[in-house]
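**Q**
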Amino acid sequence: FDKLIESILVSKSINPVSLLSGDRNALLINARKNAYGPDYVIQVPCQQCFTMNKINLDLNDIGEKKTDYSNVEVTSSGTFLLKLPKSGVVIEIKLLTGQDEKEMEAQAQQRTKHNLPEEGVTGRYSKMIASINGNADPIVIKQFVSNMPIIDSRIFRKAYLDLMPDIDFVYKYPCRDCSHANEGGVPFTGDFFGLTSKYMDGVYEALFVLKMHGGWGFFELYALPIRLRDWFVKRLTNHFSEINKASTKN
């Protein structure tokens with residue numbers, strides 16, 4: 027969506043990838059409303075019986091997600107200081123931009139290309155932390171993240187989610203078959219900007235493959251950026267291809 031966001035920004039000095047994900051989401055929703063109106067029809071499976079449900083959403087009802095700065099100290103640099111309960115260290119949290127996401131994706135691809143182990147959460151946390159007790163050395167940050175106590179990790183993750191401004195995508199609906207009370211996030215599917223059902227068939231195929239072989243949750247997959255989701259599918263395909271080649275040799 028970078029090109030779309032760039033095309034609707036009045037100030038061409040703003041790079042879309044420099045924006046926070048919440049800002050990008052707000053721009054996309056308003057672009058969708060201006061182009062197609064606020065009515066957004068989606069097809070989502072029940073989390074209980076997996077029956078597909080047709081949901082009519084009104085994008086005008088989507089508001090801002092509540093943020094909470096009560097547990098942190100805001101710095102003049104726009105970052106946030108948080109003291110972790112178990113280790114006692116003070117971490118400086120920075121909110122990730124689209125550029126940060128792109129850099130992490132590129133690094134992941136490079137590690138795969140050179141047969142290096144994936145960093146996973148460690149790499150992401152290292153990007154989200156600007157300093158440890160005032161020390162901004164990337165090596166120090168990565169070492170701490172690699173050995174972060176579980177309770178500190180949970181506190182850090184919750185604090186980050188509380189700090190990140192975004193759109194409140196949560197909606198609820200009862201299943202038409204089993205009446206299960208479902209709750210999910212408004213997906214940016216192909217239909218969001220009028221893409222075809224054939225395209226969506228490809229998306230659902232990718233979601234099925236990742237869910238079957240990666241243990242992902244359905245709405246986790248729905249929320250993944252498209253390029254990152256495609257990268258996971260490609261990586262999984264290469265993984266099974268390597269297994270098949272090794273099996274053939276044996």
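Position one of the sequence shown corresponds to residue 27 (the numbering used here), numbered consecutively onward.
Beta carbons: idealized from backbone N, C-alpha and C, even for Gly.
What does the Cβ neighbour count give for L233, buried or exposed, with the cut at 16 atoms within 10 Å?
**A** Buried, because 16 or more other Cβ atoms sit within 10 Å of the Cβ of L233.
**Q** By Cβ distance below 6 Å, which residues in the same chain neighbour V166 in space, the five residues on each side in sequence not counted?
**A** Hits under 6 Å: I158.
**Q** Considering M174, what are the terminal residues of the beta strand (DSSP E) in which it resides?
**A** Note, M174: premise wrong, no beta strand (DSSP E); not H, not E.
**Q** Can you look up M190 in the DSSP assignment and give me helix, strand or coil?
**A** Looking at M190 - three-state DSSP - the assignment turns out to be coil, as it is neither helix nor strand.
**Q** Does the beta-carbon distance from F190 to G89 come in below 8 Å?
**A** The amino acid at residue 190 is misidentified as Phe; the sequence shows Met. Taking 8 Å as the Cβ cut-off, M190 and G89 do not qualify as a contacting pair.
**Q** How many angstroms separate the CA atom of F170 from the CA atom of D203?
**A** Distance between the alpha carbons of F170 and D203 is about 49 Å.
**Q** What's the C-alpha gap between F182 and L110?
**A** Using only the alpha carbons, I get a separation of about 7 Å.
**Q** Counting along the chain, where does the alpha helix (DSSP H) carrying L254 start and finish?
**A** Start and end: I252 to K275.
**Q** Which residues in the same chain have their Cβ closer than 8 Å to the Cβ of K128, if we skip the five residues on either side of it in sequence?
**A** Answer for K128: V43, listed in chain order.
**Q** Suppose the cutoff is 7 Å on Cβ atoms and the five residues either side in sequence are ignored; what does the same chain contact list for D163 look like?
**A** Counting only Cβ-Cβ distances below 7 Å, and skipping sequence neighbours, we find nothing.
**Q** State the start and end residues of the unbroken alpha helix (DSSP H) segment that holds K59.
**A** Its alpha helix (DSSP H) spans residues S47 to Y62.
**Q** Just how far apart, CA to CA, sit H239 and F266?
**A** Their backbone Cα atoms lie some 10 Å apart in a straight line.
**Q** For a test of the three-state rule: what should DSSP assign to T105, helix, strand or coil?
**A** T105 falls in the coil class under three-state DSSP.
**Q** Measuring only the C-alpha atoms, how far is N264 from T148?
**A** Their backbone Cα atoms lie some 23 Å apart in a straight line.
**Q** Based on Cα-Cα distance, which residue from R58, V70, L35 and S33 lies nearest to F244?
**A** When each option's Cα is compared against that of F244, the closest is V70.
**Q** Mind checking which residues open and close the alpha helix (DSSP H) that includes I301?
**A** In this structure the chain extends from 27 to 276, so residue 301 is not present and cannot be described.
**Q** Taking only the alpha-carbon atoms, compute the straight-line gap between A57 and Y95 and give it to the nearest angstrom.
**A** Distance between the alpha carbons of A57 and Y95: 29 Å.
**Q** So the candidates are E118, K112, K91 and F214; which of them puts its Cα closest to the Cα of S103?
**A** Comparing Cα positions, the closest option is E118.
**Q** Cβ atoms of L54 and Y66: under 8 Å apart, would you say?
**A** Result no, Cβ atoms of Y66 and L54 do not sit closer than 8 Å.
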